[in-house]
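Protein chains: 2
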Amino acid sequence: MSEFLSRRFSQMKPYVPGEQPQDMRYIKLNTNESPFPPSPKVLRAVNIDEVAKLQLYPDPENKSLVAQIADFYQLEPSQVMAANGSDEILGYAFMAFCDQQKGVCFPDISYGFYKVYAELFKINVLPIPVKDDLSINYRDYLNCGLTMVIANPNAPTGLCLPPEQIEEILKSNPHDLLILDEAYVDFGGTTCLPLLQKYSNLLIIRTFSKSRSLAGARIGYALSSAGIIEDLNKMKFSFSPYSINRLSLLAGVAAMEDKEYFEHCRQQIIMTREKTKASLLNMDFVVTNSCTNFLFAKHPRLTGQELYQKLKEKGILVRHFKQNKIDQYVRITVGTQEQMEKLLAALESILEVK
Amino acid sequence: MSEFLSRRFSQMKPYVPGEQPQDMRYIKLNTNESPFPPSPKVLRAVNIDEVAKLQLYPDPENKSLVAQIADFYQLEPSQVMAANGSDEILGYAFMAFCDQQKGVCFPDISYGFYKVYAELFKINVLPIPVKDDLSINYRDYLNCGLTMVIANPNAPTGLCLPPEQIEEILKSNPHDLLILDEAYVDFGGTTCLPLLQKYSNLLIIRTFSKSRSLAGARIGYALSSAGIIEDLNKMKFSFSPYSINRLSLLAGVAAMEDKEYFEHCRQQIIMTREKTKASLLNMDFVVTNSCTNFLFAKHPRLTGQELYQKLKEKGILVRHFKQNKIDQYVRITVGTQEQMEKLLAALESILEVK
Chain S
309 MSEFLSRRFS
319 QMKPYVPGEQ
329 PQDMRYIKLN
339 TNESPFPPSP
349 KVLRAVNIDE
359 VAKLQLYPDP
369 ENKSLVAQIA
379 DFYQLEPSQV
389 MAANGSDEIL
399 GYAFMAFCDQ
409 QKGVCFPDIS
419 YGFYKVYAEL
429 FKINVLPIPV
439 KDDLSINYRD
449 YLNCGLTMVI
459 ANPNAPTGLC
469 LPPEQIEEIL
479 KSNPHDLLIL
489 DEAYVDFGGT
499 TCLPLLQKYS
509 NLLIIRTFSK
519 SRSLAGARIG
529 YALSSAGIIE
539 DLNKMKFSFS
549 PYSINRLSLL
559 AGVAAMEDKE
569 YFEHCRQQII
579 MTREKTKASL
589 LNMDFVVTNS
599 CTNFLFAKHP
609 RLTGQELYQK
619 LKEKGILVRH
629 FKQNKIDQYV
639 RITVGTQEQM
649 EKLLAALESI
659 LEVK
Chain B
309 MSEFLSRRFS
319 QMKPYVPGEQ
329 PQDMRYIKLN
339 TNESPFPPSP
349 KVLRAVNIDE
359 VAKLQLYPDP
369 ENKSLVAQIA
379 DFYQLEPSQV
389 MAANGSDEIL
399 GYAFMAFCDQ
409 QKGVCFPDIS
419 YGFYKVYAEL
429 FKINVLPIPV
439 KDDLSINYRD
449 YLNCGLTMVI
459 ANPNAPTGLC
469 LPPEQIEEIL
479 KSNPHDLLIL
489 DEAYVDFGGT
499 TCLPLLQKYS
509 NLLIIRTFSK
519 SRSLAGARIG
529 YALSSAGIIE
539 DLNKMKFSFS
549 PYSINRLSLL
559 AGVAAMEDKE
569 YFEHCRQQII
579 MTREKTKASL
589 LNMDFVVTNS
599 CTNFLFAKHP
609 RLTGQELYQK
619 LKEKGILVRH
629 FKQNKIDQYV
639 RITVGTQEQM
649 EKLLAALESI
659 LEVK
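In order, the protein sequences belong to chains S and B. Read in this note's numbering, the first sequence has 600 at position 292, and its numbers run on one by one without any break. Read in this note's numbering, the second sequence has 659 at position 351, and its numbers run on one by one without any break.
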């Protein structure tokens, strides 16, 4: 820390991303990347002719990508904005829709970045405890009078709320915004997209990092009313107008175009998840009912830390959160069938030698 | 604007980037892009095998790029950080090193984004008038007691201060940070990099968008003390940890490696600038003494707005700022020799028919 850092940040704890080892070949099941490469259309779109134009700025309005996303979801382009990863959009949303008067609430067990944004922008947080089974009780959010953030499906539990319950939350909070983080919705949750037509207090945030196999390109997007999208763009144009680079714009458009590949990948992941889950249950794991591309599991004979450590020793990275309520669990990204077989073999060996 | 936007932003005016027309082929001399494509090494580094790995997150610590930059400038890697464009780094710097107690000062004529950051983060600004010849009087910054931001060379004037004067500013403000924006320094200004060894209150911000021909890749970097770099990383990891995408990391490393191409391009631009400047002077333009990849010029017989408009009609885009003191000028990016010849021909025809 330098002597120049504003004192308001002296205690701030930044987000800690999952390990990204650059030195050794692990089976990486710790950051919920897709096991599948990007669509072949992406590989054609990001070509040498386009690399040769990198001296030019990208379109700061991301018109081509916004149009493609709007088309995919049958929305108006004015209802869509994109930025450099959904993290960036979440950051803009916390900045825009919370302040010292308007606090924020979110589940005490959720994406760890929410509390970092609140700390960064000095926003009061009301953490709302999840139930004993780690699920969210939607009644806790009725008439809450705060900006709300809910990941649906939730991370790292993998659990989802039905749109009917989200609708109740929207209905009871007409003057408060619900930021709905649908990063994982393509793997079996039900999107709340249709609720945009009925409720002006809904902001849906999505990402290309999971179901579109583009974590390395950094593309997130927001779907909402034209007014809320305008607010988010105001933030973007006041912080980083050219936030999506030229090549990622091309990659995003191509990935969105390839509906078939998208369907194929997400169905594969759902199938592999269910098969892996069945095997884990057979090995006496407790596994949540995940609607995502990861499994959240614990075992009666090993702590979460032990599971994480022993898998790492066998060359398999999973994610462990040292957090009350969930520290017995590990979060395991659903990889290829082959990777999952290696995971299961490793777990069998770990459990036997215990 | 939605009803949910925090009232503190209701009057905020975002940055307005230079026009990026997607529909027609202009000679674009309005956003200071390089007229040269990226280095051939970039074209080799960003290849289909790398595109095929875009399902994986980038390294959030940007180790390869940081190492390459540190090596180029003979600094420690702990003295370097990188992010998604220098705009993003400027944003982090305003957040980190200013607050409600510690205001900021910068020249009244400078990069238009500085005042947008101050507005975004509600930081008090002391604008310091430039002299009548548009140059910065370094004495105005001595013992100023505020965080200082100086673009050197300055934009859009193109003028630069010698390091000796920057040193005086640093010396007289030991407990205040000077953010030195060296976006354009490679085109003839003198870098203040050597001052990092002597002064702990200097933060230098640079970009790959101009002299490295990579505006479309979005890469900025900061050079400073390890403590200040740690502070900036704290901001980055609290807002957008994975801010540089995989392909831009590769492009950045390759561009930094190709010292020969970098030298060639910047020398070309300097030569073309001086040649164009001489022609403009012959046509009775007043032209500032630019150390950048643009020229800042006005003509006694035409307003800045007229110049901008008439050039646009002839298919040439330049930038005009509707701002007191400089609204008679246009800012003209130095393109290829051929583009400059077209510009001069267009200006000749405009001035004759006037």
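Backbone N, C-alpha and C fix where the C-beta goes; we use that ideal spot for every residue, glycine too.
At least one C-beta of chain B is nearer than 7 Å to the C-beta of Pro325(S). The continuous beta strand (DSSP E) containing Arg514(S) extends over residues 510-515.
The residues Gly612, Gln613, Leu615, Tyr616, Asp635, Tyr637, Val638, Arg639, in chain order, have a CB closer than 8 Å to that of His628(S) in the same chain once the five nearest residues on each side in sequence are set aside.
The beta carbon of Val359(B) falls within 7 Å of a beta carbon belonging to chain S, placing the residue at that interface.
Here Gln647(B) has Ile335, Leu337, Pro343 as same chain residues with Cβ atoms under 8 Å from its own Cβ, once five neighbours each way along the sequence are excluded.
Put simply, the CB of Arg627(B) is far from chain S, with every gap to its CB atoms at 7 Å or more. In this structure, the beta-carbon distance from Ala390(B) to Leu373(B) falls below 7 Å. The segment 422-441 of chain B makes contact with the segment 317-326 of chain B; the number of CB pairs closer than 8 Å reaches 3 or more. Bridge partners of Asp489(B) according to DSSP: Ala459(B), Ile513(B). For Gly399(B), the closest Cβ of chain S is nearer than 7 Å. Listed in chain order, the non-local C-beta contacts of Leu383(S) below 7 Å within the same chain comprise Leu531, local neighbours out to five positions each way being set aside. Contact check between the segment 543-555 of chain B and the segment 391-398 of chain B: three or more CB pairs, one atom from each, fall below 8 Å, which counts as touching. Distance check between Val626(S) and each of Thr339(S), Arg333(S), Ser314(S) places Thr339(S) closest, using alpha-carbon atoms only. Annotated three-state conformation of Arg333(B) is coil, per DSSP. Taking all protein chains in view, the Cβ of His483(S) is surrounded by fewer than 16 other Cβ atoms within 10 Å, so the residue is classified as exposed.
Nearest CB-CB separation between Lys567(S) and chain B: not below the 7 Å threshold. Fewer than three pairs of CB atoms, one per stretch, sit closer than 8 Å, so the segment 512-528 of chain S makes no contact with the segment 401-420 of chain B.
For Ala523(S), the nearest beta carbon of chain B is closer than 7 Å to its own beta carbon. By DSSP's assignment, Lys321(S) forms no beta bridge with any residue. Taking C-beta atoms as the reference points, Lys585(B) and Val595(B) count as a pair closer than 7 Å. Between Lys542(S) and chain B, the shortest Cβ-Cβ separation is below 7 Å. Under the Cβ distance rule, Ile356(B) counts among the residues neighbouring chain S, one pair being separated by less than 7 Å. For the 7 Å CB-CB criterion, Asn370(S) and Ile552(S) form a contact.
Ranked by how close their Cα comes to the Cα of Val350(S), the residues Met564(S), Ile578(S), Met579(S) have Met564(S) in first place.
Per DSSP, the continuous beta strand (DSSP E) segment holding Ala391(S) begins and ends at 388-391. No Cβ-Cβ contact shorter than 7 Å links Gly497(S) with Phe604(S). At a cut-off of 7 Å between beta-carbon atoms, Asn370(B) makes no contact with chain S. The beta-carbon of Val424(B) is placed less than 7 Å from the nearest beta-carbon of chain S. Within the same chain, and ignoring the five residues on either side of Ser517(B) in sequence, the residues whose Cβ sits closer than 6 Å to its Cβ are Ala523. Rounded to the nearest whole angstrom, the C-alpha separation of Lys410(B) and Ile477(B) is 17 Å. Beyond the five residues adjoining it in sequence on each side, Ser533(S) comes within less than 6 Å, by CB distance, of Ser508 in the same chain, given in chain order. In terms of Cα proximity to Pro366(B), the closest of Gly623(B), Cys573(B), Gln631(B), Ser556(B) is Ser556(B). The residue among Thr455(B), Val354(B), Cys413(B) with its C-alpha nearest the C-alpha of Ser314(S) is Thr455(B). The Cβ neighbour count for Ser347(S), taken over all protein chains shown within 10 Å, is at least 16; the residue is labelled buried. For Lys583(S), the secondary structure class from DSSP, reduced to helix, strand or coil, is helix. Look at Lys606(S) here: in three-state DSSP terms it is strand.
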